[in-house]
Amino acid sequence: MDNPTLNLQESPSSPDVNVSLSAYQQNLTGSAQVINEAELTEVHLDALSKCNLQPMKSDGSNHKADIVYTVDDVPPWYLCIALGFQHYLTMMGGTLSYPFIVAPKLCIPENHPARGSLISTIFFVSGIGTLLQATFGVRLPIVQGSTFSFLVPIIAILSLPKWECPSPEELVNRTHEEVDDLWMPRMREIQGAIIGASLIEVVVGALGLAGLLMRVISPLTVTPTIALIGLSLFPEAAKHAETNWPISFATFGLVVLLSQYLRDVSIPIPFIRTTTGAFKRYEVFKIFPVVLTITTMWFICFLLTVSNATDLRNPLRTDLKNGLLDDSPWVRVPYPFQWGAPTFSLGGVVGVFAGVIISVIESVGDYYACARLAAVRVPPVDAVNRGIAIEGLGSIISAIFGSGCGLTSYSENIGAIGITRVASRRVIQMGAALMVVFGCLGKVGGLFVSIPEPIVGGVFIVMFSVVSSVGLSNLQFVDLNSSRNLFILGASLFLGLCIPSWVADHPKSIDLGNEVLTQLVRVLLSTSMFVGGFVGIVLDNTIPGTSAERGLSAWATYGEDGDDESTRNDKKCSISTYDPPFVSRLPAWTKQLPFMPGYNRKSQTAIVAATESAVPQHVHKVNEYNGYNHDTKL
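All residue numbers in the sequence shown are consecutive under full-length UniProt numbering, ending with 634.
Right, dumping it as structure tokens:
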């Protein structure tokens, strides 16, 4: 039987939506009916949204025809587990990079089990943050994970003289308990900085202040800020890669081969359809280039180890960290304040807040990109505000559990939606549950820590290159023939590299007579993304320039040109996707809150009428039309 549809027709006597009362009542009880006769006018949208209607099968051109499962669809449980595990593997590459950089700054030796606990905690809190974001936040299929935006200010904080680590020789001679007394105070300082900065992010989202930030931020300020994240981390990549350059270059080359040259190659994967077997082709190299590379290079290092083809102390050997895996417990559940109560400092909070601003900008862009790939309307302002607030809450939870990182949306998982054509929210929730489960398995964290250093170095080269290029990609919006823009870009990048480098070489040159103020200035001037972003904001907002020249016009309309009329109409009819659960039970006054449905939205009935008049005689899918249509100006 064909799935039920809702037929929106223009009536000579009324511009309102006309539906059959009997069919409408039957659908409230779950019956499958087609509403196509005019007997009832001005149906209340709240009641209409309760219809249990499913999308119709259409052989015409349809924007969502290539989406296998939409955001609100629920695939079979076994498919949810398989696709959720795929999202876990997709986010693994970016997540593993973070603890490998932070652990040495925290003075955690390579053979210390705390490294495995750190990785497990990051996966655990990433699962919690993802579950909160997909269920109560922006409610798009978005995965949350550790953010590089926080990494640069955290390194700047840990580079202060008071947090300098002892020499490696001295660390080797210390017991695990002595090392714990060394790194845990540093972790508590990072926890306090993330909690304080993320509280501000929650306030920004809850009060709808993101729009105020966007008034002073342009593509010309975002470009150097994000680009400097990757450029400032090249010493970390070199430090890991120099342990064995051939293996690092081989890792880099294999990632490039899989993700670039072989990205469109489809591999047949067997699967079961009813009682028969079949094959379906997947572009696995495009989805899992980092995971496949790590696995392949790890196996090569294993072969070189068992054949004794290398020196016993060569960092490529896979038996150098066997003790970490043996010492890791099978089950270890992270818990709040597992490293002690956090400590707070003004310099740390302000420094990390620079990363929060960048994270907010990136997340807003990810929300729009995810909505486009999932074939739903662009997020309304309340959904964006709620997403930012939940992201801040996730970062607070992450800091409370002692992961040493904040959370942000992962672009690579958004890209996976375009490849798999599965945008189901339930899949992401299942992936989040798997992150939590694997985060409680200590052996999993110990296994990841045992990855040979040269492989990590090769992955870092790729990761940081991509981060830098993502920042530079914002230049597509600005006029690069303008000498004004070229000067701002060059000055922002140059000073963003120059000043932090000088501060690192002369840490005691800044002394303002007040310890708190001195620490604040040192942290800010040691953070390349803050210096570059601050210079860009000041110059871009003070040097005269047109909106087109600055890239504001193109930035504001980005993505709209690719939507044809049918696409835009389809997106207008799927706005309830963003409404959190149980929203209909909340008091009416909650609509005045910037993060709740109803805030700054147009009359629902008016938009339905406008939609109907724009596409007369057009048959819409009902799960693209759930009764809520809102203004989405941000």
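Glycine included, C-beta positions come from ideal geometry on N, C-alpha and C.
In the three-state reduction of the DSSP assignment, residue 321 falls in the coil class, being assigned neither a helical nor a strand state. The C-alpha of residue 346 is placed about 29 angstroms away from the C-alpha of residue 96.
By the Cβ rule, the stretch 405 to 422 counts as touching the stretch 81 to 100, because three or more pairs are nearer than 8 angstroms. Its Cα nearest to that of residue 93, the residue 255 stands out among 440, 255, 540, 529.
Taking 3 residues as the minimum length, the stretch 64 to 141 contains no beta strand (DSSP E) run wholly inside it. Nearest in C-alpha terms to residue 328, of all of 397, 200, 118, is 118. The C-alpha of residue 150 is placed about 14 angstroms away from the C-alpha of residue 187. Ranking 284, 206, 205 by CA distance to the CA of residue 267 puts 284 first. The stretch 445 to 464 and the stretch 102 to 119 touch, with no fewer than 3 CB-CB distances between them shorter than 8 angstroms.
Here the alpha carbon of residue 384 sits roughly 15 angstroms from the alpha carbon of residue 372.
Segment contact: the stretch 155 to 165 against the stretch 312 to 320, fewer than three CB-CB distances shorter than 8 angstroms; contact not assigned. Here residue 467 is not near residue 194, since their CB atoms are 9 angstroms or more apart. As computed with DSSP, residue 407 is found in a beta bridge with 146. Residue 476 sits exposed, since fewer than 16 C-beta atoms from the chains shown fall within 10 Å of its C-beta. Residue 263 carries a coil assignment under DSSP once its states are collapsed to helix, strand and coil.
In the structure shown, residue 279 adopts extended strand secondary structure according to DSSP, grouped into three states. CA-to-CA, the gap between residue 411 and residue 421 works out to about 15 angstroms.
In the three-state DSSP reduction, residue 194 falls in the helix class (H, G or I).
Residue pairing by DSSP puts residue 268 in a beta bridge opposite 281. A distance below 6 angstroms between beta-carbons, with the five flanking residues on each side excluded, links residue 399 to the following residues of its chain, in chain order: 191, 194, 195.
Around the beta carbon of residue 290, 16 or more other beta carbons sit within 10 angstroms, so the residue counts as buried. When DSSP states are grouped into helix, strand and coil, residue 376 belongs to the coil group. Check the Cα spacing between residue 185 and each of 293, 105, 494, 500: the tightest is with 105. Residue pairing by DSSP places residue 422 opposite 69 in a beta bridge.
Less than 9 angstroms separates the beta-carbon of residue 425 from that of residue 71. For residue 401 and residue 326, the gap between their C-alpha atoms comes out near 24 angstroms. Beyond the five residues adjoining it in sequence on each side, residue 281 comes within less than 6 angstroms, by CB distance, of 266, 268 in the same chain, given in chain order. Under the 10 Å beta carbon count, residue 589 is surrounded by fewer than 16 other beta carbons and is classified as exposed.
The C-beta separation of residue 120 from residue 442 comes to about 6 angstroms, placing the pair in contact by the 8 angstroms criterion. Look at residue 506 here: in three-state DSSP terms it is coil, with no helix or strand label.
Residue 223 places its beta carbon less than 9 angstroms from that of residue 489.
Inclusion of residue 351 and residue 524 in the CB contact set at 9 angstroms is warranted, their separation being smaller than that value. The residue from 310, 175, 178, 433 with its alpha-carbon nearest to that of residue 123 is 433. Using a Cβ-Cβ distance cut-off of 8 angstroms, the stretch 525 to 532 and the stretch 226 to 244 are in contact, since at least three pairs of beta carbons, one from each stretch, lie closer than that value. Residue 516 and residue 247 have their C-alpha atoms roughly 44 angstroms apart. In terms of Cα proximity to residue 130, the closest of 586, 429, 341 is 429.
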